[in-house]
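Step one of this worksheet: look at the structure below.
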Amino acid sequence: MARYIGKEMSRVEGIAKVTGRAKYAAEFRVPNLAYGFIVSSSIAKGTIKSIDTREAERAPGVIRVFTHLNAPKFRNDPQDRSFRALQSDRIYFNMQPVALVVAETYEQARYASRLVKVDYNAEKHQTDTEALLASARDPSHGRGTRVRGNPEVALREAPVKVEAEYRIPIEHHNPMEPHAAIAFWEGDRLTIFDKTQGVYEVRRHLASSFGIPEEDVTVISPFVGGAFGSALRPNYYPTLTAMAARELKRPVKIVYTRTQMFAGHGYRPYTIQRVALGADRSGKLTAIIHEAVHNTSSFEEFDDNTTGFARQVYACPNLRASLKIVSTDLHTPTWMRAPGAVSGMFALESAMDELAYALKIDPLQLRLINYAETDPESGKPWSSKALRECYLLGAKKFGWEKRKFEPRSMRDGEWLIGWGMATGVWGAFQAPAAARITLRADGTAHVVSATSDIGPGTYTAMTIIAAEFLGLKPEQIKFELGDTRFPRAPLEGGSMTTASVGSAVHGAAMAIVARLLDLANRNEDSPLKGAAASDVELLDGRLQLKSDPSRYVDAFDLMKRHNLNEITETFEARPSREREDYAMLAHGAQFVEVKVHSELGIVRVTRIVEVTACGRIVNPKTAHSQEIGGVVWGIGMALQEATEVDHRYGRIVNPNLQHYHVPVNADVLEVETIFVEEDDKIVNPLGVKGMGELGMVGIPAAIANAVFHATGKRIRELPITPDKLL
Amino acid sequence: MRPFKYARATSEAEAVQLVSATPTAKFLAGGTNLLDLMKEDVERPTQIVDLTRLSHLAQIRPTLNGISIGALATNAQVANHPLVRQNYPLLSRAILAGASAQIRNMATVGGNLMQRTRCPYFYDTAMPCNKREPGSGCAAFHGLNRMHAIFGYSDKCIATYPGDMANALYALDATVKIRGANGQERTIPIRDFHRLPGDTPEQDNNLQHGELIVAVELAKNDFAKHSYYLKVRDRASYAFALVAVAAALALEGDRIKQARVVLGGVAHKPWRSTEAEDALVGKEATEANFRAAAEAAMKEAKPLAHNAYKVELGKRAIVLALQRAMDETI
Ligand SMILES: Cc1cc2nc3c(=O)[nH]c(=O)nc-3n(C[C@H](O)[C@H](O)[C@H](O)COP(=O)(O)OP(=O)(O)OC[C@H]3O[C@@H](n4cnc5c(N)ncnc54)[C@H](O)[C@@H]3O)c2cc1C
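Chains as they are written, first to last, in our numbering: chain A, 454 to 1179; chain B, 8 to 337.
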């Protein structure tokens, strides 16, 4: 029986966070620090004709103004086409950095940034995806083009079909913490404090940009104030910070303003989708055609695999799910929480609801009719799949059977009531990851891995896993992350950290056990003689036989007898070979009640039941937080979020939190999150799947479906603001 | 921010004199609007005169004929004041519909009246905006104007006055008390306080440079029984109005003796609809009459490319606000 895994535990770093002891990238104290402020372009495309920095250079406190004319060039890296600032006179997107002012204080740098005068040769730009559809092309990686069966013919012959287009605007992550870095050099060695979801990625990026060995770059990022994908890629400010620090021979800090974040780290792309579904009269799907187009930048290819998961959700022999991209004069998009999945499922799950109404079948029933017992894409069995249980439990908790089928059939005074549901899906990814454990003879352990904790509770989860398998109490474990001096871990993205890094921590703990057993059995009278490592476990300092705990050795005495103050093991966990024989996904079902004001079109999400099946839950407390956070994100996407671009200027008009809305407390009413645990021995030794993204995937569609049920209006373009419902 | 001089005023006279002496000087009250705009480089004062130590200006007190609210009273103080809640519930409601609790704790009556538009083009110094930079053009006119005016705009400016409190003050016929550069006091009826943009959108209102708002005064009225503030916005809190309605009715028997219908979020100033009011006076408080008033209010609306919804939404909001004013009898 697990002592800690599966039990609620508060965040181990919680007190440090609420007391301010936790240091975020911009908060490290470095002596002799200079402050950089980025000057952003005011056009979307063209070249810099002239740039006059004289007045800025004369301003109080200014140390230097960098532009493309005096900034050193970074190394060209064919593997990494991401944007690097101040490399030429070319403007690729609006609010692109055109200068960096470095001064003695932040305010001095910001003030002087306004004195930099830039003249441009503007060129005709295009930032509107809608205007570029004729140029849509397949991403060059060529993935996701396989067609299943003959969807066109199947659709043509289907007795019941629906077809519609869905639109999602650009959205920005808007984590609380702005992106920031502090860089300093000691000779040719660079140290940088950065807000990032992957210290090793930033290290590789910086080493290649400066043409120095990776070992000479240290990236430190112990705390991240939310990221949601915006800190997956290295972004352009770390190179800029390190460049300035190198040139000025003193530490430099750069912090984005909220506005700069809108052109500083990518966004969810503008996405247009067409979904056509064909079914027989019993509701069985015979054809799925799901086509998406979204934008990328002019200098880099990005796609979020919008239609990827659509292939695996429903049993349907005929399917085409494609994604094309168009090049816009905007910065490159990036992954944003539940990338691709939430966009694709908004379209697919809205279309399923439309099909349910075309068939006059209950929307939940339609999902059950088309339940995929095996992976429809590969034909492989699922490693585990408790989606049916999610549907049924969610329906019961929500009271779905009381739903009246007809739209506009439920009411509470001035408010129209709507009930909608949708399916959520995400991966069960695992990537190679390493962790190091040092067990000390005083009964404590130090566990490290260069992963990140952007909020999901990685510190806590890893502490729990280490405590479990070292047989110690959580208080005896110190887990650290976010430092390239620790063993390599993947980016914290794709909801794969617990699976990947957790497996590494588990593996390192097992290696410690094996090492102790080896030590014990050097003694002729060892009570564990003949036992294999898998036969023993550590528990409260005893190395004992699992089958007979009375046969044990005191682990810490053992270490002392061998004059060992500590023993250290590093373990790299890799996805097992066995995984290849299975299809692996995490699933969920979402049930939503909305109230729509019959006169004013205001939508209130009054109740959500979200049931999730994602393997084993390591820490229910932080896990529920993740799902609730996902729900709130779903509410924002459904009802509020949109980055608006004035295409005449190719410029974002709402790059701040007064104009770009995210939900406030008053928008979030009753949210119940429930887990259906799956016992999955295939995915990884811990049996855990991804969950951080999963929680939002079905929400926008479920809300849109509920709005339809309330009003009879099908809104296919997000966000669903009151004006669309008048 | 740009460098500026800072002075803390110790008297009204000193405050007025300091600001009058420098054309680029500004008063500072709660700072919730001015500081934001300074950080964005939209406001560029060279001298700041801090009013916050003039504590006598924060008083709220009864007068012979009503109430006097000091210009430095915070939004929270005004909204929660027993006299305001009892006699002017519309004002309390309107204030509480604005901003957030934290901001209402800082924001003052004077600052709230003076708050500038939330037009996104006004906020971005890389875009043309006649209000920010006269003569540069209006980017919003043919731009993204979902939030903009449907009444009283010009080709120079389609921005709206974004506040909530003022909509109630217009309905309640407030008077703004001002101290001028020469030390003299004058008053402006609230309905003449803000301006329409015309050819000079850089001027939000009729206050002269250096003039200090010292108080807002409200006379007794018969509206306390039947009034309602309805704000329609994109999220439940902490958002500016798509359309807001300050509605107030005074009844005599079952006839409407006096009516006030003021719309927010539709013009460069709170938009008092005398058309709607005229349509109501002398009539019974029925839904049909409310609808007729709503139609009258919107008759002259001239929506732009992205804000036609405000016409229909405005009508429905007026009807609802009037209905609730009748329901919420206290
Ligand atoms: C995020 C956010 C959301 C908001 N939402 C709303 C909302 O929904 N509804 C709403 O109504 N408001 C809203 N507000 C606006 C807020 O109410 C105003 O910022 C506030 O009322 C301004 O008051 P202040 O005292 O802080 O003014 P300051 O920022 O100090 O000053 C504003 C202006 O008024 C001038 N001024 C101040 N006092 C005087 C005086 N006595 N005489 C002459 N001039 C003076 C200043 O010189 C300055 O130009 C919001 C603000 C923010 C930041």
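We put the CB at the ideal spot given by N, CA and C, even for glycine.
1. Within the chosen definition, does the stretch 661 to 672 of chain A reach the stretch 612 to 622 of chain A through at least 3 CB pairs nearer than 8 Å?
2. Using a Cβ-Cβ cut-off of 7 Å, state whether Leu320(B) counts as contacting chain A.
3. Within a Cβ cutoff of 7 Å, which residues of the same chain sit near Phe1009(A), ignoring the five residues on either side of it in sequence?
4. Where does His470(A) fall in DSSP's three states?
5. Report the residues of the stretch 41 to 56 of chain B with a CB closer than 7 Å to any CB of chain A, ordered along the chain.
6. Nearest chain A C-beta to Ile337(B) closer than 7 Å, yes or no?
7. Looking at chain A, is there any beta carbon in it that lies within less than 7 Å of the beta carbon of Gly117(B)?
8. Where do the ends of the alpha helix (DSSP H) carrying Gly955(A) lie?
9. Please report how far the alpha carbon of Ala22(B) lies from the alpha carbon of Asp57(B), in whole angstroms.
10. With a threshold of 16 other CB atoms inside 10 Å of the CB of Ile337(B), please say whether the residue is buried or exposed.
11. List, in chain order, every chain A residue whose beta-carbon is nearer than 8 Å to that of Ser244(B).
12. Use the C-beta contact count for Arg68(B): other C-beta atoms within 10 angstroms, 16 or more gives buried, fewer gives exposed.
13. In terms of residues, what are the limits of the alpha helix (DSSP H) holding Pro816(A)?
14. Taking 6 Å as the line, does the beta carbon of Thr115(B) fall inside it for any heavy atom of ligand 1?
15. Please list the segments of the beta strand (DSSP E) lying wholly inside the stretch 905 to 949 of chain A, counting only runs of 3 or more residues, in order along the chain.
16. CA-CA distance, Pro675(A) and Leu203(B)?
17. Assuming Ala226(B) is part of the beta strand (DSSP E), what are its boundary residues?
18. Please confirm whether Leu90(B) has its beta-carbon closer than 7 Å to some beta-carbon of chain A.
19. Return yes when the C-beta of Thr39(B) is under 6 Å from any heavy atom of ligand 1, and no when it is not.
20. Could you name the residues of the same chain whose beta carbon sits closer than 8 Å to that of Glu802(A), not counting the 5 residues immediately before and after it, in chain order?
21. According to DSSP, Gly271(B) sits in a beta bridge with which residue or residues?
22. Just to confirm the assignment: which complete alpha helix (DSSP H) runs, minimum length 4, are found wholly within the stretch 677 to 720 of chain A?
23. Tell me whether the stretch 519 to 537 of chain A and the stretch 743 to 758 of chain A touch, counting them as touching only if at least three CB pairs, one residue from each stretch, are closer than 8 Å.
24. Which residues, taken in chain order from the stretch 1159 to 1176 of chain A, show a beta carbon closer than 7 Å to some beta carbon of chain B?
25. Using a threshold of 6 Å, is the CB atom of Ala345(B) nearer than that to any non-hydrogen atom of ligand 1?
26. For Gly597(A), name the three-state secondary structure that DSSP assigns.
27. Please check the pair Ile165(B) and Asn152(B), which I expect to be a contact at CB under 8 Å, by giving their CB distance rounded to whole angstroms.
28. I'd like to know whether the C-beta atoms of Arg856(A) and Trp872(A) end up nearer to each other than 7 Å.
29. Residues of chain A with a CB under 9 Å from the CB of Leu151(B): which are they?
30. Entirely within the stretch 984 to 1017 of chain A and at least 4 residues each: give me those alpha helix (DSSP H) ranges in chain order.
31. Can you find a CB in chain B that lies within less than 7 Å of the CB of Ser953(A)?
32. By a C-beta neighbour count over all protein chains shown, 10 Å radius and 16 as the cutoff for buried, is Thr472(A) buried or exposed?
33. Just to check, is the beta-carbon of Asn213(B) closer than 6 Å to a non-hydrogen atom of ligand 1?
34. State yes or no: is the beta carbon of Ala332(B) nearer than 7 Å to at least one beta carbon in chain A?
35. Please confirm if Arg323(B) has its CB atom under 7 Å from at least one CB of chain A.
36. Based on the DSSP output, what are the partners of Glu291(B) in its beta bridges?
On the basis of the supplied data:
1. Short answer: they don't touch.
2. What you label residue 320(B) is simply residue 313 of the second sequence in a count that begins at 1. Between Leu320(B) and chain A, the shortest Cβ-Cβ separation is below 7 Å.
3. Numbered from its first residue, the first sequence carries residue 1009(A) at position 556. For Phe1009(A), where only same-chain residues beyond five positions count, the Cβ hits under 7 Å are Ala894, Gly896 and Gly994.
4. As a working note, residue 470(A) is residue 17 in the first sequence. Residue identity differs from the one stated: residue 470(A) is Lys in this sequence, not His. Lys470(A) falls in the helix class under three-state DSSP.
5. Answer set for the stretch 41 to 56 of chain B: Asp48.
6. Taking the second sequence and counting its residues from 1, one reaches residue 337(B) at position 330. With a pLDDT of 47 at Ile337(B), under the threshold of 50, the modelled position of that residue is not reliable, and the figure given next carries that caveat. No, Ile337(B) lies away from the interface with chain A (no Cβ there is under 7 Å from its Cβ).
7. Counted from its first residue, the second sequence places residue 117(B) at position 110. The C-beta of Gly117(B) comes no closer than 7 Å to any C-beta of chain A.
8. As a position in the first sequence, residue 955(A) is number 502, starting the count at 1. Gly955(A) -> alpha helix (DSSP H) spans Thr950 to Ala973.
9. Indexing the second sequence from 1 puts residue 22(B) at position 15. Indexing the second sequence from 1 puts residue 57(B) at position 50. Going from the Cα of Ala22(B) to the Cα of Asp57(B) covers about 8 Å.
10. Locating residue 337(B) in the second sequence gives position 330, counting from the first residue. Note that Ile337(B) has pLDDT 47, beneath the 50 cutoff, so the model's placement of it is unreliable and the number below is only indicative. Exposed.
11. The residue labelled residue 244(B) in the question sits at position 237 within the second sequence. Chain A residues near Ser244(B): Val1117, Asn1118, Ala1119 and Asp1120.
12. Sequence index remark: in the second sequence, residue 68(B) carries index 61 (1-based). Arg68(B) should be labelled exposed.
13. Start at 1 with the first residue of the first sequence, and residue 816(A) comes out as number 363. Run containing Pro816(A): Pro816 to Ile822, per the alpha helix (DSSP H) assignment.
14. On the second sequence, position 108 is the one that residue 115(B) refers to. At least one heavy atom of ligand 1 is nearer than 6 Å to the Cβ of Thr115(B), so yes.
15. Counting only runs of at least 3 residues, the stretch 905 to 949 of chain A fully encloses the following beta strand (DSSP E) elements, listed from N- to C-terminal order: 930 to 933.
16. Indexing the first sequence from 1 puts residue 675(A) at position 222. Indexing the second sequence from 1 puts residue 203(B) at position 196. Cα to Cα, Pro675(A) sits roughly 53 Å from Leu203(B).
17. For this step, residue 226(B) is matched to residue 219 along the second sequence. Run containing Ala226(B): Leu219 to Ala226, per the beta strand (DSSP E) assignment.
18. Start at 1 with the first residue of the second sequence, and residue 90(B) comes out as number 83. Look at Leu90(B): its C-beta is not under 7 Å from any C-beta on chain A.
19. The count along the second sequence starts at 1 and reaches residue 39(B) at position 32. Answer for Thr39(B): yes, Cβ within range of ligand 1.
20. On the first sequence, residue 802(A) is found 349 positions in, with the first residue counted as 1. Cβ neighbours of Glu802(A) beyond the five flanking positions: Ala875, Thr876, Gly1151, Ala1154, Ala1155 and Asn1158.
21. Mapped onto the second sequence, residue 271(B) falls at position 264. According to the DSSP secondary-structure assignment, Gly271(B) is paired through a beta bridge with Ala251(B).
22. Every alpha helix (DSSP H) stretch that sits fully inside the stretch 677 to 720 of chain A and reaches 4 residues is listed by chain position as 690 to 701 and 711 to 714.
23. These segments touch.
24. Taking 7 Å as the Cβ-Cβ cut-off against chain B, the residues of the stretch 1159 to 1176 of chain A that qualify are Thr1174, Pro1175 and Asp1176.
25. In the structure displayed, chain B extends from 8 to 337; residue 345(B) sits before or after that span and is not available.
26. For the purposes of this step, residue 597(A) is taken as the residue at position 144 of the first sequence. Coil at Gly597(A), not helix or strand.
27. Stepping through the second sequence from its first residue, residue 165(B) is reached at position 158. Stepping through the second sequence from its first residue, residue 152(B) is reached at position 145. Sure, about 6 Å apart at Cβ, within 8 Å.
28. By 1-based counting over the first sequence, the position of residue 856(A) is 403. By 1-based counting over the first sequence, the position of residue 872(A) is 419. A contact, by the Cβ cut-off of 7 Å.
29. By 1-based counting over the second sequence, the position of residue 151(B) is 144. Within chain A, the residues near Leu151(B) are Glu1097, Val1098, Asp1099, Val1106 and Asn1107.
30. Fully enclosed alpha helix (DSSP H) runs of 4 or longer: 1008 to 1014.
31. Residue 953(A) sits at position 500 when you count from the first residue of the first sequence. So, not an interface residue.
32. The residue you call residue 472(A) lines up with position 19 of the first sequence. Residue environment: Thr472(A) is assigned as exposed (fewer than 16 neighbouring CB atoms within 10 Å of its CB, all protein chains considered).
33. For the purposes of this step, residue 213(B) is taken as residue 206 along the second sequence, with counting starting at 1. Answer for Asn213(B): no, Cβ out of range of ligand 1.
34. Sequence index remark: in the second sequence, residue 332(B) carries index 325 (1-based). No Cβ of chain A is located within less than 7 Å of the beta carbon of Ala332(B).
35. Position 316 of the second sequence holds residue 323(B). Output row for Arg323(B): interface = yes.
36. Position 284 of the second sequence, counted from the first residue, corresponds to residue 291(B). Beta-bridge partners assigned by DSSP to Glu291(B): Arg262(B).
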